[in-house]
Amino acid sequence: MGKPGAYEKAKRKWKKAELDEMTEKFQQLGVENPEGWARTQVIEGIPNLPKMIFLKLMWRTIVKEGDSQWIDREIADAEKNPSDPFIGGGLALKSLRAKGATDEELIDVVRNFQMEYLWDIVMLLDFGANNVGADQRQSSAASARGPMGDVVTCRLFLAVSSQVSSGWSIRDVAGLGPPNFEFSAVNRRIARCSLSYRAGNATRSSALRHPEVRVYL
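So for the sequence shown, the working numbering puts the first residue at 10; every next one is plus one.
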């Protein structure tokens, strides 16, 4: 048998190595205080890494301020293939430009609706279709019902392959949002985005357990 406390010592060493590795991953993602995010995942078991990766991938779909190239592409596609499905957006953009709408105005409109749409997706994954709308902060995502009248819901889960059990460990990735946004009064950009997470039946602010995430668009 090993010396008394050898197991605990080895366990602490393993946790330290895991914490260092997780901290490096959060550094690569560009979050503030990556060690804080890593610590809550390693010590408390909160799946921050898959949550952050998913959210950053969602943010990539948002039109960037000042980027009008997508408008030109949509119009060009509409002119080239006017009978294609969902081509009306490009035709509408062309018409709005002709009527005097600026690219900045078009970008603002699209960004606003993209934000609302992603908000609904986050709420749907966090609370399920049958729960969306129960909180005043939640937006217009509605419950969906199947052909038999059953509530159709969806959640985001993390599936981790286990070599020990030759199976998969499935964990609910809750706490995607909704984010709390702070807008800069100077340039109207999103200056900071702090996430919330689910703890049992309560929703707690990220400030209570892990640091804020600043997202610059």
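Positions of the beta carbon are idealized from the N, C-alpha and C atoms, including for glycine.
Touch test, the stretch 49 to 68 against the stretch 105 to 119, Cβ-Cβ under 8 Å, three pairs minimum: no
Supposed close pair residue 102, residue 116 - CB separation, criterion 8 Å: About 11 Å; that fails the 8 Å criterion.
For residue 27 and residue 51, believed in contact at Cβ under 8 Å, the rounded distance: 5 Å
Start and end residues, alpha helix (DSSP H) containing residue 59: 57 to 68
How long is the line joining the alpha carbons of residue 133 and residue 96, rounded to whole angstroms? 28 Å
Would you grab the beta carbon distance between residue 123 and residue 71 for me? Rounded to a whole angstrom, and I think it's under 8 Å. 5 Å
For residue 114, tell me which candidate among 131, 77, 98, 86 has the shortest Cα-Cα distance. 77
Along the chain, where does the alpha helix (DSSP H) that runs through residue 81 open and close? 78 to 89
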